[in-house]
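Asks:
Residue numbers (my numbering): 136 to 420.
(1) What does DSSP give as the partner residues of residue 193 in its beta bridges?
(2) Could you tell me which of 398, 178, 249 sits nearest to residue 103, measuring between CA atoms?
(3) What's the call for residue 224, buried or exposed, on a 16-neighbour Cβ count within 10 Å?
(4) State the beta-bridge partners of residue 402 as determined by DSSP.
(5) Label residue 399 either buried or exposed according to how many other C-beta atoms from any shown protein chain fall within 10 Å of its C-beta, with 16 as the threshold for buried.
(6) Answer yes or no: do residue 247 and residue 196 have a C-beta to C-beta separation smaller than 9 Å?
(7) In the structure shown, what three-state DSSP assignment does residue 158 receive?
(8) Would you mind reading off the limits of the alpha helix (DSSP H) that contains residue 302?
(9) DSSP on residue 264, reduced to helix/strand/coil?
(10) Classify residue 188 as helix, strand or coil using the three-state DSSP reduction.
(11) Could you work out which residue in 243, 211, 291, 254 is closest to residue 226 when comparing CA atoms only?
(12) Do residue 154 and residue 215 count as a contact pair if the criterion is CB distance below 9 Å?
(13) Could you name the residues of the same chain whose beta carbon sits closer than 7 Å to that of residue 429, not counting the 5 residues immediately before and after it, in chain order?
(14) Is residue 279 helix, strand or coil by DSSP?
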């Protein structure tokens, strides 16, 4: 499929401010609450028609944890727009806005929106609309938008407005972007579910996490005793030189078809029972 343009958007913000839920609400149209924590960077894509143009949208979801921030500079390359997300119910989630902006603006003066996620309960609001607008103005951002993930209010709007700003920036054309800025390392890809505007499809997600030292493989877990093995008292086993089994006195006349060897974990028939090699020595008196 050919596109009129390919656009990369980066979504930044502290951890647990619902960045991933915002992206998935926009891509799928559904509210997904049970979202796993992003590790490093997640990558989503969406195809859409905007102003009679076929656009391929690439959305990069950056983990908010401090241990992953050294990756931010690398993944901002080639971005043509950004969203800085915070939780309206937690004013401290605005604390690192300058950190995000300092890295983004090293690359280019791209359009950026400040996005506040509306809490479920109105009385949990800690940042007013007026304060959000003031922060966006003071940081020279392109606007402030509040989104309700459950109702979908303003979710599509904020992405569409950002895309229109990027397309209107004639100084930043697709030919000026380096191919490697939007490429993915095929050796470091992970399957991730994504949606386009009409159908559900498979896309790829690039996961970056700190390398951990190699560890020796763990031994295989012990094989549990089969649930159907007969349970017979163990009395007298110590003085019997028979196989190590669930009981030294299997009552074959009761209809027992097999007995379980606790050492080699095999099921023994009546014939195998007396010739089995897993013997124990009788205790000395």
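Even for Gly, the Cβ is constructed at its ideal location relative to N, Cα and C.
Just so we're clear, the structure is a prediction, and the values are computed from it rather than from any experiment.
Replies: Per the coordinate set shown:
(1) Taking the first residue of the chain shown as 1, we reach residue 193 at position 58. BP columns for residue 193 point to 143, 180.
(2) Because the chain spans 136 through 420 in this model, residue 103 falls outside it and cannot be assessed.
(3) Taking the first residue of the chain shown as position 1, residue 224 is located at position 89. That one is buried.
(4) Counting from one through the chain shown, the residue named residue 402 turns up at place 267. Residue 402 is bridged to 395.
(5) The residue you call residue 399 lines up with position 264 of the chain shown. Classification for residue 399: exposed.
(6) By 1-based counting over the chain shown, the position of residue 247 is 112. By 1-based counting over the chain shown, the position of residue 196 is 61. Result no, Cβ atoms of residue 247 and residue 196 do not sit closer than 9 Å.
(7) Here residue 158 is taken as the residue at index 23 of the chain shown, counted from 1. Three-state result, residue 158: helix.
(8) Taking the first residue of the chain shown as 1, we reach residue 302 at position 167. Per DSSP, residue 302 is one residue of the alpha helix (DSSP H) stretching across 290-303.
(9) Start at 1 with the first residue of the chain shown, and residue 264 comes out as number 129. Three-state DSSP puts residue 264 in a helix.
(10) As a position in the chain shown, residue 188 is number 53, starting the count at 1. Looking at residue 188 - three-state DSSP - the assignment turns out to be strand.
(11) Position 91 of the chain shown, counting from 1, holds the residue named residue 226. For residue 226, the nearest C-alpha among the options comes from 254.
(12) Position 80 of the chain shown holds residue 215. Position 19 of the chain shown holds residue 154. Result no, Cβ atoms of residue 215 and residue 154 do not sit closer than 9 Å.
(13) The requested residue 429 does not occur in the structure, where the chain is confined to residues 136 to 420.
(14) One-based indexing of the chain shown puts residue 279 at position 144. The answer is strand: DSSP assigns residue 279 an E or B state.
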